[in-house]
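Participant:
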Amino acid sequence: MTLEESIDKKINDNLNPSFFKIINFSDQHKNHYEGDNKDTSHIKIIIVSESFDGHSRIERERIVHNILKEEILTEIHSIRLKLYIKSEYDLIK
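In the working numbering, the protein residues as written are 8 to 100.
1) Within its chain, find whatever has a CB closer than 8 Å to the CB of Ile65; leave out the 5 residues flanking it on each side and keep chain order.
2) Report the three-state DSSP secondary structure of Asn73 (helix, strand or coil).
3) Applying the criterion that 16 or more other CB atoms from any shown protein chain within 10 Å of the CB defines a buried residue, is Glu82 buried or exposed?
4) Using only CA atoms, which one of Ile30, Tyr91 and Asn19 lies nearest to Glu68?
5) May I have the straight-line CA-CA distance separating Ile18 from Leu98, to the nearest angstrom?
6) I think Ile52 touches Ile79, with their Cβ atoms under 8 Å apart; what is that distance to the nearest whole Å?
7) For Thr9, which of Asn31, Phe59 and Leu22 has the nearest alpha-carbon?
Spelled out as structure tokens, the structure:
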């Protein structure tokens, strides 16, 4: 299973998002990061989930970090998170 497939499965299983997207921007860091997983080392994740309702931005990030703890410790060098409930996401679309 690739890193992106692993992230996809964990996010969908735990947060049941109405919208979810992984954006891989590792190619912009080819000469910056020399870790084992150069192909998917820098990612941005956008998640829209009602599971975030009632949680602050920091709490939402902690939720996602806990879900992806293994990947963050072993494979992801940089992760950007954009985390919304549907009503928030509708305002910025």
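Ideal Cβ placement from N, Cα and C applies to all residues, glycine included.
Facilitator: Based on what the coordinates show:
1) Close CB contacts of Ile65 within its chain, under the 8 Å cut and outside five residues either way in sequence, are absent.
2) In the structure shown, Asn73 sits in a helix (DSSP, three-state: H, G or I).
3) Buried, by the Cβ-count rule.
4) Glu68 has its Cα closest to that of Tyr91, out of Ile30, Tyr91 and Asn19.
5) Roughly 23 Å between the two C-alpha positions.
6) The pair is not a contact, with the Cβ atoms about 11 Å apart (cut-off 8 Å).
7) The alpha carbon of Thr9 has as its nearest neighbour, out of Asn31, Phe59 and Leu22, the alpha carbon of Asn31.
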